[in-house]
Amino acid sequence: MINILGLTVGMVGIILVSLYWNDELNYNQWNPNREEIYSIGHQFDWSGKATYMSIASIPEGPTIKETFSEVEDFMACSWLSNAVVKTENRSLYLENYLPVTPNFFDFFPFEFIHGNAKGALSDLQSIVISEDWMNQLYDGKNPVGKKLNINQNEYIVKGVYRIPGISSVSPKAVTPIDWKQNMKDNGSNWGTYQIGIYIKVRKGTDIQSLENRIYNQIILKNAIEPFAKNQNISVKEYMDQYGNSKLALDQLSTIRLFGKASGSGGAEKGNATMLYLLTGLSSVIMILSAFNYINLTTASSIKRAKEVGIRKTLGASRSKLVLQFVFENVIICLFSLVLALALSEILLPYFNEYFEKELKIEGFKIYFDLLLILLLTTLISGIIPALYLSNFQPLNVLKGDFTRSSRGIWIRNMMLGLQFIVSLFFLIAGIVIYLQVSYMSKKDLGFKGDQVVAINFSKRSSNQKYNVIKQEFKKIPGVVDVSSGFQIPASANYIGGAAKDIKTGKTVDLALSGAMDFNFMEILDLKLVQGRNISEKYASDTISSILINETLAQRLGLTNPIGAEIEYGPAEKTFKIIGVVKDYFVQGFQTEIDPVVYFHWNTIPWAKNQMNYALIKINSENSEKTLAEIESKWKSEIETEGHPFKYHFIDQEFANTYKEYTRQQNLFAILTIIAISIALCGLFGLISLVVEQRMKEISIRKILGASQGNLIRLIGKEYLVIASISFLLCIPLTYYLLQKWLEEFAYRIEIPIWPFVVGLIVLFSLVLTIIKIRTMYAMRTNAVKYLKYE
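Letter by letter, the sequence shown follows residues 0 to 789 of numbering that gives the first Met the number 0.
The structure is reproduced here in structure tokens:
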């Protein structure tokens, strides 16, 4: 029963992870051009960390096509957008329409239900919609030739498509980009990365060579060398200051998991790290289960020894015995697999919710994986016991000699030790992950976001009404204050530029813009470490006054920043520092806090056009009623065309920045319980068999006056030594892996000693508890039963 339970648990993990892998690897496999299509990405430096993003400058696509013969074509796309879509009969807020160049369907040949892909986007008034939009807007009826309106622009429906498989690019509708106008406006603008580009290459193209040539002949020549020349600095100096815009060509077939960037057009990158983690952990659990099976089977070999001896005496060959034992193992593994399938089906809804997937146990691939799981489990757990059992010598076992070489005992002890090492790793890692997550949840963030609501502007007309919003919302009972700003925790705007100290000439290459209203700092309870905040009392505070954060002051080397003047890139003018803002977390704990320049909206006029959120502080009493009134006023007076009311609490949104690590904490807690349970089950089975084999000795010792403590020391000494050695071996491996995991965080804990001490105490306590339970049973057994024939 222990064997079946252990194998079942191990198989469940492998089945669920296989489903996850199959789903992720299935992205874009329906596309016949997946091997020839590549997304263009560039490397950017954010917070001192190199990051690849799938954006390019507008002239890149046509220049690459004209320069390299192996590039057959390029396709450009903008960003997924949401809008109120109107037809003759209804008006709905719909999501995910994508502006693209007319050859979009040559790159992504979706299945057309109505209309034809050829020429579907031939003019700027064309739109092709998905089956989903057709059902919502036209009740599933053919809409080809009908008109619809998006953001006051009228389109004619030219077709309806269905995506035949899982696709990285999966818009709900596509509209044509005015490419001629884009080239007219930005055809020579190599310094602005604002569009997504895919290229299609000939089969057999050497991609690494093409990537290098595009970078050297096009990117360096057009996007770096001219700008370095304009600033009278070398190319190397320019790249040191502004980054090298390194190129990445990511193949469509593998971009989901293995691309450097995610891909443009709304494509999202899969979590390869989590997949590798899940695969490794589930494999370890499976191996632990197999070790348990091997240990218990070989340890209980005495029960089958006489059978083997008699069968060999009657002429059975070793090969036949091996086949028999392997067949028995296949039956056990098959039964375990059936139980694992049933358990996986039960757990799948929770697994899907946990990882935000929609997995199902269906399709040829999963059944092939199940067969592979069965074969591997049979091989791992069946061959060693079969060879071990078939190796008994008939003459010895029929004379009652069941002793085996110390080598077999050593192998069992080694496998038990490995189980202890894995159990200790999960336990210690679980504690350290909990400490890091706890550190992130309790650390002073530098702001207070409870009861502060951020409402997302759906269009620019909203920020033009900001003063109206502020006045009207303040009239609502329960609203304490209203403000807005760029650097909102977990929702920051990443517009910025170089900041240069006029006096010393020292420059910080990228300082983010902190455009804000006068009361932005008060509403988030931000602190000043020097100077004062901007104020309506001073006219200069909307003209030339700024604040900087501690990080920017440190990087500029300003020990007394008040009164210092800096030149700030986005405004191209000089400002005077009047205050220093205490650093607060905006992006999360994974990256360092960015340097920021804070200023009023009117100081740099274009900033107000980039306003994304209104911040509203509400009373904790009757907060639901207050939110309902805010929503009602928002829909009736601000967003009158049907845009949804979207909001979030600042503190809750920031907590989402480490949501994945909270999941890892929960995952390790579950795996710790599973690993320790499997190890303890194996230990219980081994000790039970050892006690059974030594009952004559125990009975004699009992008659001679041995206490339970004596028996615990007799039986437990060996297993405590194994536990001690396992602990010593576990320390360096666990410390190294946890240190690598913690390197993901710019702000992290130091690994303390006490989780290792706790791990040792827990392991020793559990081992001693198992030994005590079994020795208590042995002490209560009638010694006469085992000695009556002696």
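Cβ atoms here follow ideal geometry from the backbone N, Cα and C, with glycine treated the same way.
From a predicted model like this one, the values you see are computed outputs, not experimental measurements.
8 Å Cβ cutoff met for residue i and residue j
i: I39; j: Q193; result: no
i: Y718; j: L762; result: no
i: I284; j: I673; result: yes
i: I176; j: P61; result: no
i: K202; j: E35; result: yes
i: A75; j: W178; result: yes
i: I522; j: Y646; result: no
i: I63; j: I217; result: yes
i: P163; j: F109; result: yes
i: G798; j: Q486; result: No statement about residue 798 is possible, as the shown extent of the chain runs from 0 to 789 and does not include it.
i: I126; j: T174; result: yes
i: V159; j: L147; result: no
Assigned secondary structure, residue i (DSSP; H/G/I helix, E/B strand, else coil)
i: F73; result: strand
i: E267; result: coil
i: M52; result: strand
i: G144; result: coil
i: D524; result: coil
i: G504; result: coil
i: G416; result: helix
i: I194; result: strand
i: V168; result: coil
i: Q240; result: helix
i: I529; result: Here residue 529 turns out to be Gln, not Ile, going by the sequence shown. In this structure, Q529 counts as strand in the three-state DSSP scheme.
i: M515; result: strand
i: Q486; result: coil
i: T625; result: helix
i: S380; result: helix
i: T100; result: coil
i: Y26; result: coil
i: N665; result: helix
i: E210; result: helix
i: G790; result: The displayed coordinates of the chain run from 0 to 789. Any statement about residue 790 would go beyond what the structure contains.
i: V585; result: coil
Proximal residues to residue i (C-beta, below 7 Å), its chain only, five neighbours per side dropped
i: I365; result: S17, L18, N21
i: R89; result: L136
i: V479; result: K616, I617, N618
i: S121; result: P101
i: F446; result: P488, L523, D524, L525, Y583
i: F226; result: G190, Y237
i: K634; result: F644
Residues of its chain near residue i, where Cβ-Cβ distance is below 6 Å and the 5 sequence neighbours each way are ignored
i: T733; result: F424, I427
i: K245; result: Q42
i: Q664; result: I432, Y433, V436
i: Y26; result: I165, S167, R255
i: T541; result: H599, N601, T602
i: A745; result: T590, E591
i: L277; result: V16
i: G568; result: G496, A497
i: I149; result: A82, V84
Residues of its chain near residue i, where Cβ-Cβ distance is below 8 Å and the 5 sequence neighbours each way are ignored
i: K183; result: none
i: G477; result: I617, N618, E620, N621, S622, K624, T625, E628
i: Y92; result: N81, A82, V83, V84, G641, H642, P643
i: K140; result: M133
i: I721; result: N412, L415, G416, F419
i: I750; result: V431, Y734, L737, Q738, L741
Where the beta strand (DSSP E) containing residue i begins and where it ends
i: L251; result: No beta strand (DSSP E) holds L251; DSSP gives it neither H nor E.
i: I126; result: 125-129
i: Y735; result: Element bounds for Y735: not the beta strand (DSSP E) but the alpha helix (DSSP H), 707-741.
i: K157; result: 152-161
i: S482; result: 478-482
i: E110; result: 110-114
i: A790; result: Residue 790 falls outside the range modelled here, since the chain spans only 0 to 789, and no answer is possible.
i: I576; result: 572-580
Delimiting residues of the alpha helix (DSSP H) encompassing residue i
i: Y465; result: 465-473
i: I769; result: 753-779
i: N81; result: Premise fails: N81 lies in the beta strand (DSSP E), 80-85, not in any alpha helix (DSSP H).
i: E65; result: 59-66
i: N878; result: With the chain running from 0 to 789 in the structure shown, residue 878 is simply not present.
i: K228; result: 224-229
i: K616; result: No alpha helix (DSSP H) contains K616, which is instead part of the beta strand (DSSP E) from 612-617.
Scan the stretch 629-660 and note each continuous beta strand (DSSP E) run of 3 residues or more that stays entirely inside, going in chain order. 646-648
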